[in-house]
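Undergrad: So in numbering that gives the first Met the number 0, the last one in the sequence shown is 480, and the numbering has no gaps at all.
Yeah, the Cβ is synthetic: ideal placement off N, Cα and C, and Gly gets one too.
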Amino acid sequence: MDGAPAAAPERVKEAERQIAHVPLVLNRRNFSWLTERISEVVEQPAPRWWWVAFTITASTATFGLFCIGYQISTGVGTWGNQVPVGWAWDITNFVFWIGIGHAGTLISAILYLLRQKWRTSINRSAEAMTLFAVICAAIFPGIHVGRFWMAWYMAPIPNNWGIWQNFRSALMWDVFAVSTYFTVSVLFWYTGLVPDLATLRDRATTKIRKFLFGFFALGWRGANRHWRHYEMAYLLLAGISTPLVLSVHSVVSFDFATTVIPTWHTTIFPPYFVAGAIFGGFAMVLTLLLPARAIFKLQDVITPQHIDKMAKIILLTGSFVAYAYTMEFFVAWYSGNSYERFAFWNRIFGPYWWYWWLGMLFCNCLSPQLFWFRWCRRNILVVFFVAMCVNAGMWFERFIIIAGGLARDFLPSSWRVYHPTWVDIWTYIGTLGIFTSLFLLFIRFLPMIAMSEVKTAIPEADPHYDLPPDSVRSPGKERTR
0 MDGAPAAAPE
10 RVKEAERQIA
20 HVPLVLNRRN
30 FSWLTERISE
40 VVEQPAPRWW
50 WVAFTITAST
60 ATFGLFCIGY
70 QISTGVGTWG
80 NQVPVGWAWD
90 ITNFVFWIGI
100 GHAGTLISAI
110 LYLLRQKWRT
120 SINRSAEAMT
130 LFAVICAAIF
140 PGIHVGRFWM
150 AWYMAPIPNN
160 WGIWQNFRSA
170 LMWDVFAVST
180 YFTVSVLFWY
190 TGLVPDLATL
200 RDRATTKIRK
210 FLFGFFALGW
220 RGANRHWRHY
230 EMAYLLLAGI
240 STPLVLSVHS
250 VVSFDFATTV
260 IPTWHTTIFP
270 PYFVAGAIFG
280 GFAMVLTLLL
290 PARAIFKLQD
300 VITPQHIDKM
310 AKIILLTGSF
320 VAYAYTMEFF
330 VAWYSGNSYE
340 RFAFWNRIFG
350 PYWWYWWLGM
360 LFCNCLSPQL
370 FWFRWCRRNI
380 LVVFFVAMCV
390 NAGMWFERFI
400 IIAGGLARDF
410 LPSSWRVYHP
420 TWVDIWTYIG
430 TLGIFTSLFL
440 LFIRFLPMIA
450 MSEVKTAIPE
460 ADPHYDLPPD
470 SVRSPGKERT
480 R
């Protein structure tokens, strides 16, 4: 009994240590360290690896653009599309890329409204990824119509012939989804970039850099009035962007759900597509940020806690996707519709069987289950492996839904298996080159991490913060006594 009072404070201290807040920036880094570490990526000459990587990706993008030009000049016959598979790699790539961008909007908008500060280290790169993915997606609605030079008719603008768009067409739905999503994403990304552009402007050592950063910083000086307008604009854009996470990919899913094709005509598609888009988007964020974290030594900013949380979101959305797969098969069996039953049987055992077993089952359903284990969520190699599996699996899923659903029509006499041509393959690889080239340019010329937002998560942002005794504030790099 005499030892009880003495033991109680020890138990309290142990409990406090266990529930202590895990810092979002490690090693007690201060403002100056963060500014130096992020800004030097932009200010220093490009390293050799960047030039090698950019040469490879730019060459790939150039050949992809050549394939697009060849297809436009020759016709869609250069693709493997045929009757009954009229949609194949073109629409597969469109749905894949538009889905990739959803993670950026979710991280930036929804997590901002929920006041999740851990988003600050990853939102800038995720937003940029969104823009580049939407650019790649926007290519396909234009070129798949055949007469690319007439694609401007899809824009809702007056013309001399008085022709108006058919708003019941899935093509028009895609145009509005892409244009709306891209416009709001650009505004959101640029608004968050303004304070950091002002930081680079103030650090610029050449006139051209000072002019360019100053021009796009819009005269930002960090005054209270500037911050007040900035936070209000950012909040409004977050509120506008949040419905887009749900609506854009739901609209894309209507391209299929409003038809009578077996495996397409289902009401589960909108939530199914949204969950899959967030699932694949977070996987792409990890695919891009994990190498950047190692190359630029950003382990103190993109911490294991950030990776752990993104892995949990992948596990959650991956479970949604696996549930949707299960319900598709159950409803096909329970409905008693012979066409639906055959279509799903064909998905597993038909000509595209390995797409389902490797892509949908292993990559999308089984590999994310590793994230139930904490050591897997904290192991960089395991996380990167799962992210790559999900990237591949989501593309396979879109292909087997689109091409697999069309390859087996109602009449056996019209059945035909789709085989891609070299133009199909290199057009897709070219968009990968465009995407990675744009991301390399982004990390080279703009801050890849939102300095102004990460600083709010640093202990030094607390007005009652006491400077550690072993460090001093300095306008330049961090120094220790």
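1. May I have the straight-line CA-CA distance separating Thr204 from Ser38, to the nearest angstrom?
2. At the level of alpha carbons, what is the spacing between Leu217 and Gly279?
3. In terms of alpha-carbon separation, which member of Arg443, Phe434, Pro458 lies closest to Trp96?
4. According to DSSP, is Ile106 helix, strand or coil?
5. Using alpha carbons as the reference points, say which of Gly100, Gly74, Pro83 lies closest to Val416.
6. Report the rounded CA-to-CA distance for Ala154 versus Thr316, giving the unit in angstroms.
7. To the nearest angstrom, how far is the alpha carbon of Pro140 from that of Phe131?
8. Measure the Cβ-Cβ separation of Phe214 and Glu126 and say whether it is below 8 Å.
9. Thinking C-alpha only, which one of Val41, Ile162, Ala176, Gly191 is nearest Ala449?
10. On the three-state DSSP scale, how would you describe Lys206?
11. Can you look up Met393 in the DSSP assignment and give me helix, strand or coil?
12. Is DSSP giving His143 helix, strand or coil here?
13. Using a Cβ-Cβ cutoff of less than 6 Å, which residues in the same chain neighbour Trp394 once the five nearest sequence positions on both sides are dropped?
14. Put His225 into one of helix, strand or coil per three-state DSSP.
15. What is the rounded straight-line gap between the Cα of Asp195 and the Cα of Val41?
16. Under 8 Å, with one C-beta from each stretch per pair, do the segment 346-354 and the segment 241-253 reach the 3-pair mark?
17. Apart from the five residues just before and just after Glu9, which ones in its own chain have a Cβ nearer than 6 Å to its Cβ?
18. Go through its chain and collect everything with a Cβ distance to Phe328's Cβ below 7 Å, but skip five positions before and after it.
19. Rounded to whole angstroms, what's the CA-CA distance from Phe384 to Gln298? Just pull it up for me.
20. By a C-beta neighbour count over all protein chains shown, 10 Å radius and 16 as the cutoff for buried, is Arg36 buried or exposed?
21. Work out the CA separation of Ile207 and Ile313 for me, nearest whole Å.
22. Apart from the five residues just before and just after Val381, which ones in its own chain have a Cβ nearer than 7 Å to its Cβ?
23. Please report the Cβ distance between Val116 and Leu23, rounded to the nearest whole angstrom; I am assuming they are in contact, meaning their Cβ atoms lie under 8 Å.
24. Give the straight-line distance between the Cα atoms of Leu287 and Ser240, rounded to the nearest whole angstrom.
25. In three-state terms, what does DSSP make of Val84?
26. Closest by CA to Gly275, which one among Cys362, Tyr233, Asp201, Val300?
27. Assign Pro462 to one of two classes, buried (16 or more other C-beta atoms within 10 Å of its C-beta) or exposed (fewer than that).
28. I need the boundaries of the alpha helix (DSSP H) containing Asp307, first residue and last residue.
29. Between Gly404 and Ile260, what straight-line distance do the alpha-carbon atoms span, to the nearest angstrom?
30. Less than 6 Å between C-beta atoms, sequence neighbours within five positions excluded: which residues of the same chain meet that for Ala237?
31. Determine the direct distance from the alpha carbon of Arg407 to that of Ile67, and round the result to whole angstroms.
32. Would you identify the three-state DSSP class for Tyr417, choosing helix, strand or coil?
33. Which residues mark the beginning and the end of the alpha helix (DSSP H) in which Pro269 is found?
34. If you draw a straight line from the alpha carbon of Phe53 to that of Tyr189, how long is it in whole angstroms?
35. In its own chain, which residues sit with a C-beta less than 8 Å from the C-beta of Ile277, not counting the 5 before and 5 after it?
36. Where Leu234 and Arg340 are concerned, what is the direct C-alpha to C-alpha distance, given to the nearest angstrom?
TA: Answer, in terms of the structure:
1. Locating residue 204 in the sequence shown gives position 205, counting from the first residue. Locating residue 38 in the sequence shown gives position 39, counting from the first residue. When rounded, the distance between both Cα atoms is 12 Å.
2. Residue 217 sits at position 218 when you count from the first residue of the sequence shown. Residue 279 sits at position 280 when you count from the first residue of the sequence shown. The straight-line gap from Cα to Cα measures roughly 35 Å.
3. On the sequence shown, position 97 is the one that residue 96 refers to. Answer by Cα proximity: Phe434.
4. Here the question's residue 106 lines up with position 107 in the sequence shown. Looking at Ile106 - three-state DSSP - the assignment turns out to be helix.
5. Within the sequence shown, numbered from 1, the residue matching residue 416 stands at position 417. Residue Pro83 is the option with its Cα nearest to Val416.
6. On the sequence shown, position 155 is the one that residue 154 refers to. On the sequence shown, position 317 is the one that residue 316 refers to. If you take the alpha carbons of Ala154 and Thr316, they lie about 34 Å apart.
7. Mapped onto the sequence shown, residue 140 falls at position 141. Mapped onto the sequence shown, residue 131 falls at position 132. Spanning the two alpha carbons is a distance of roughly 16 Å.
8. One-based indexing of the sequence shown puts residue 214 at position 215. One-based indexing of the sequence shown puts residue 126 at position 127. Against a cut-off of 8 Å, the Cβ pair of Glu126 and Phe214 comes out as no contact.
9. Along the sequence shown, one-based indexing puts residue 449 at 450. Of the candidates Val41, Ile162, Ala176, Gly191, the one whose C-alpha sits nearest the C-alpha of Ala449 is Gly191.
10. On the sequence shown, residue 206 is found 207 positions in, with the first residue counted as 1. Note: Lys206 maps to helix in three-state DSSP.
11. Taking the sequence shown and counting its residues from 1, one reaches residue 393 at position 394. Note: Met393 maps to helix in three-state DSSP.
12. Counted from its first residue, the sequence shown places residue 143 at position 144. Of the three classes helix, strand and coil, the one that applies to His143 here is coil, per DSSP.
13. Position 395 of the sequence shown, counted from the start, is the residue given in the question as residue 394. Phe95.
14. Reading the sequence shown from its first residue, position 226 is the one you call residue 225. Note: His225 maps to helix in three-state DSSP.
15. Mapped onto the sequence shown, residue 195 falls at position 196. Mapped onto the sequence shown, residue 41 falls at position 42. One C-alpha to the other measures close to 12 Å.
16. no
17. Your numbering for residue 9 matches position 10 in the sequence shown. Cβ within range, chain order: n/a, list empty.
18. Your numbering for residue 328 matches position 329 in the sequence shown. Within the same chain, Phe328 has close Cβ partners Phe343.
19. Along the sequence shown, one-based indexing puts residue 384 at 385. Along the sequence shown, one-based indexing puts residue 298 at 299. Each residue's alpha carbon lies about 19 Å from the other.
20. Position 37 of the sequence shown, counting from 1, holds the residue named residue 36. Its Cβ being crowded by 16 or more others within 10 Å, Arg36 is buried.
21. Working through the sequence shown from its first residue, we reach residue 313 at position 314. Working through the sequence shown from its first residue, we reach residue 207 at position 208. Going by the C-alpha atoms only, they are around 42 Å apart.
22. By one-based count along the sequence shown, residue 381 stands at place 382. Cβ neighbours of Val381 beyond the five flanking positions: Leu369, Cys375.
23. Position 117 of the sequence shown holds residue 116. Position 24 of the sequence shown holds residue 23. Note that residue 116 is Lys in the sequence shown here, rather than Val. Going by Cβ atoms, the distance from Lys116 to Leu23 rounds to 6 Å, so yes, they are a contact pair.
24. Here residue 287 refers to the residue found at position 288 of the sequence shown. Here residue 240 refers to the residue found at position 241 of the sequence shown. Roughly 23 Å between the two C-alpha positions.
25. For the purposes of this step, residue 84 is taken as residue 85 along the sequence shown, with counting starting at 1. It is coil, neither helix nor strand.
26. For the purposes of this step, residue 275 is taken as the residue at position 276 of the sequence shown. Among Cys362, Tyr233, Asp201, Val300, the Cα nearest to that of Gly275 is on Cys362.
27. As a working mapping, residue 462 is identified with position 463 in the sequence shown. By the neighbour-count rule (16 or more Cβ atoms within 10 Å), Pro462 is not buried but exposed.
28. Taking the first residue of the sequence shown as position 1, residue 307 is located at position 308. That run of the alpha helix (DSSP H) goes 303-334.
29. Residue 404 sits at position 405 when you count from the first residue of the sequence shown. Residue 260 sits at position 261 when you count from the first residue of the sequence shown. Going by the C-alpha atoms only, they are around 7 Å apart.
30. Translated into the one-based positions of the sequence shown, residue 237 becomes position 238. Closer than 6 Å at Cβ, skipping near neighbours: Ala108, Tyr111, Leu112.
31. As a working note, residue 67 is residue 68 in the sequence shown. As a working note, residue 407 is residue 408 in the sequence shown. Those two C-alpha atoms are separated by around 28 Å.
32. If you number the sequence shown from 1, residue 417 lands on position 418. It is coil, neither helix nor strand.
33. Along the sequence shown, one-based indexing puts residue 269 at 270. Residues 268-294.
34. Here residue 53 refers to the residue found at position 54 when the sequence shown is read from its first residue. Here residue 189 refers to the residue found at position 190 when the sequence shown is read from its first residue. Computed Cα separation, rounded: 24 Å.
35. Counting from 1 along the sequence shown, the entry for residue 277 is found at position 278. The residues are His101, Ala102, Leu105, Val244, Ile312, Thr316.
36. To locate residue 234, count along the sequence shown from 1; it is residue 235. To locate residue 340, count along the sequence shown from 1; it is residue 341. Approximately 47 Å between the Cα atoms of the pair.
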